[in-house]
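**Student:** I'd like to ask you about the structure that follows.
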Amino acid sequence: MFAFHRRPALALFAAAVSLLTLRTSGLAQDSPAKPNDAVKPVPRDANWMKRHQSFLDRAKKGPVDVLFVGDSITQGWEGNGKKVWAEKFEKWTPANFGIGGDRTQHVLWRITEGKELDGVDPKVIVMMIGTNNFSSNTPDEVAAGVKAILDEFHKQKPKAKVLLLGVFPRSAKPGKELNEKGVTMVAKDELQPKTKLVNDLLAKFDDGKAVKYLDIGDKFLDDKGGLAKKTMPDFLHLSEPAYAIWADAIAKPVEELLKK
């Protein structure tokens, strides 16, 4: 009797396993991977739109040979970097298209829907972007966002050369909290680890033709690999001496790209 009933029982068990597998497979298909928002162009708020409009207005005032594109660190050329900008860059007929807080998706909107490149014809575009994506995107996603911008540059301005900068070093927890504690130094092991992971991916976009990659991050660090408050007051944004370091580091590469 035991042997007689065993086969139907096994068949019933196999059917149950098969049904469970189908249901699990269906659930996997119903839950697709999260889309990468770093490559989807999106605008921001009203104040952001005003600065975007100022870029469109700048384009009407005359030619731009060297265009800087980025976030608050680039916008900072108008703050802590203002003096250095005037001394080092004015000969290039430059323009600063940096907006604080921008992520890759915001720059994408600016140069697509926002048409920021329509009124300018830069010979060289200097870009650093991606640090604001760190809190919500993986290194691969950030790199994909940067690549989308590079592709758009090439599509709209095929003759322009791009100096793509690696994301600058920063604390894993920059800002007010550190300042309140009187911190004057961030050790090497307290730096944001995503920076190197992202930069390793960005380096691959250097094609020896339209895009040149340059990582100057080490120039902001001390001999132990740490980050000083005198260089980055909040361990993210640059001081005036740090902008001088940046300017000196890109002077030769920009000059070389202008001649190509």
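When the letters of the sequence shown are read in order and numbered with mature numbering (1 follows the signal peptide of the UniProt record, and there is no 0), they come out as residues -28 to -1, 1 to 232.
Built from N, CA and C at the ideal position, the CB exists for glycine as well.
Could you compute how far the alpha carbon of T76 sits from the alpha carbon of A116?
**Tutor:** Here residue 76 is taken as the residue at index 104 of the sequence shown, counted from 1. Here residue 116 is taken as the residue at index 144 of the sequence shown, counted from 1. Distance between the alpha carbons of T76 and A116: 9 Å.
**Student:** Are the stretch 65 to 74 and the stretch 31 to 51 in contact at 8 Å, needing three or more beta carbon pairs?
**Tutor:** They touch, by the three-pair rule.
**Student:** Here's the rule: buried if 16 or more other CB atoms are within 10 angstroms of the residue's CB, otherwise exposed. What is K166?
**Tutor:** Here residue 166 refers to the residue found at position 194 when the sequence shown is read from its first residue. Under this definition K166 is a buried residue.
**Student:** Under DSSP, the alpha helix (DSSP H) around V226 begins and ends at which residues?
**Tutor:** To locate residue 226, count along the sequence shown from 1; it is residue 254. Looking at the DSSP string, the run of the alpha helix (DSSP H) that includes V226 is E212 to K231.
**Student:** So for I97, helix, strand or coil by DSSP?
**Tutor:** As a position in the sequence shown, residue 97 is number 125, starting the count at 1. Strand, per DSSP.
**Student:** Report the start-end ranges of each alpha helix (DSSP H) in the stretch 125 to 181 that is 4 residues or longer and not cut off at the edges.
**Tutor:** The qualifying runs are 148 to 152 and 166 to 174.
**Student:** Should V183 and L136 be called a contact, given that it needs their Cβ atoms to be closer than 8 Å?
**Tutor:** Along the sequence shown, one-based indexing puts residue 183 at 211. Along the sequence shown, one-based indexing puts residue 136 at 164. Yes, these two residues count as a Cβ contact at 8 Å.
**Student:** Compare the Cα-Cα distances from L174 to each of E88, D112, P15 and K6 and report the closest residue.
**Tutor:** On the sequence shown, residue 174 is found 202 positions in, with the first residue counted as 1. The residue with the shortest Cα to Cα distance from L174 is D112.
**Student:** In the structure shown, what three-state DSSP assignment does A5 receive?
**Tutor:** Locating residue 5 in the sequence shown gives position 33, counting from the first residue. It is coil, neither helix nor strand.
**Student:** Taking Cβ to Cβ, would you say R23 is nearer than 8 Å to A67?
**Tutor:** In the sequence shown, the residue the question calls residue 23 occupies position 51. In the sequence shown, the residue the question calls residue 67 occupies position 95. No; because the gap between Cβ atoms is not below 8 Å, this pair is not in contact.
**Student:** With distances taken between CB atoms, is the gap from L169 to S143 smaller than 8 Å?
**Tutor:** Position 197 of the sequence shown, counting from 1, holds the residue named residue 169. Position 171 of the sequence shown, counting from 1, holds the residue named residue 143. Going by C-beta atoms, L169 is not nearer than 8 Å to S143.
**Student:** Taking K184 as part of the beta strand (DSSP E), name the residues at either end of that continuous run.
**Tutor:** For the purposes of this step, residue 184 is identified with residue 212 of the sequence shown, where counting begins at 1. Element bounds for K184: V183 to L186.
**Student:** CB I83 to CB E124, shorter than 8 Å?
**Tutor:** In the sequence shown, counting from the first residue as 1, residue 83 sits at position 111. In the sequence shown, counting from the first residue as 1, residue 124 sits at position 152. For I83 and E124, yes; Cβs fall inside 8 Å.
**Student:** For the beta strand (DSSP E) that L39 lies in, which residues bound it at each end?
**Tutor:** Mapped onto the sequence shown, residue 39 falls at position 67. Per DSSP, L39 belongs to the beta strand (DSSP E) from V38 to G42.
**Student:** Are N109 and A10 touching if we call contact CB-CB under 8 Å?
**Tutor:** Numbered from its first residue, the sequence shown carries residue 109 at position 137. Numbered from its first residue, the sequence shown carries residue 10 at position 38. Their beta carbons are under 8 Å apart, which means N109 touches A10 by this criterion.
**Student:** Does DSSP put P66 in a helix, in a strand, or in coil?
**Tutor:** In the sequence shown, counting from the first residue as 1, residue 66 sits at position 94. Strand, per DSSP.
**Student:** Give the C-beta separation of F140 and F192 to the nearest angstrom, bearing in mind that I take them to be a contact with Cβ-Cβ under 8 Å.
**Tutor:** Along the sequence shown, one-based indexing puts residue 140 at 168. Along the sequence shown, one-based indexing puts residue 192 at 220. At roughly 6 Å, the Cβ-Cβ gap stays under 8 Å, so F140 and F192 are in contact.
**Student:** Taking only the alpha-carbon atoms, compute the straight-line gap between K60 and W20 and give it to the nearest angstrom.
**Tutor:** Translated into the one-based positions of the sequence shown, residue 60 becomes position 88. Translated into the one-based positions of the sequence shown, residue 20 becomes position 48. Distance between the alpha carbons of K60 and W20 is about 27 Å.
**Student:** Just to confirm the assignment, what range does the alpha helix (DSSP H) spanning E50 have?
**Tutor:** As a working mapping, residue 50 is identified with position 78 in the sequence shown. Run containing E50: none; DSSP gives neither H nor E here.
**Student:** Please check the pair V38 and P94, which I expect to be a contact at CB under 8 Å, by giving their CB distance rounded to whole angstroms.
**Tutor:** The residue given as residue 38 occupies position 66 in the sequence shown. The residue given as residue 94 occupies position 122 in the sequence shown. Their Cβ separation, rounded to whole angstroms, is 6 Å, which keeps V38 and P94 in contact under 8 Å.
**Student:** Does L28 come out as helix, strand or coil in the three-state DSSP assignment?
**Tutor:** Here residue 28 refers to the residue found at position 56 of the sequence shown. It is helical.
**Student:** Could you tell me the alpha carbon to alpha carbon distance between L230 and G154, rounded to whole angstroms?
**Tutor:** Here residue 230 is taken as the residue at index 258 of the sequence shown, counted from 1. Here residue 154 is taken as the residue at index 182 of the sequence shown, counted from 1. Roughly 43 Å between the two C-alpha positions.
**Student:** Following the continuous alpha helix (DSSP H) through H78, name the residue where it begins and the one where it ends.
**Tutor:** For the purposes of this step, residue 78 is taken as residue 106 along the sequence shown, with counting starting at 1. Residues T76 to I83.
**Student:** Nearest to G51 by alpha carbon, out of D194, P15, K148 and L210?
**Tutor:** By 1-based counting over the sequence shown, the position of residue 51 is 79. Considering only alpha carbons, the answer is L210.
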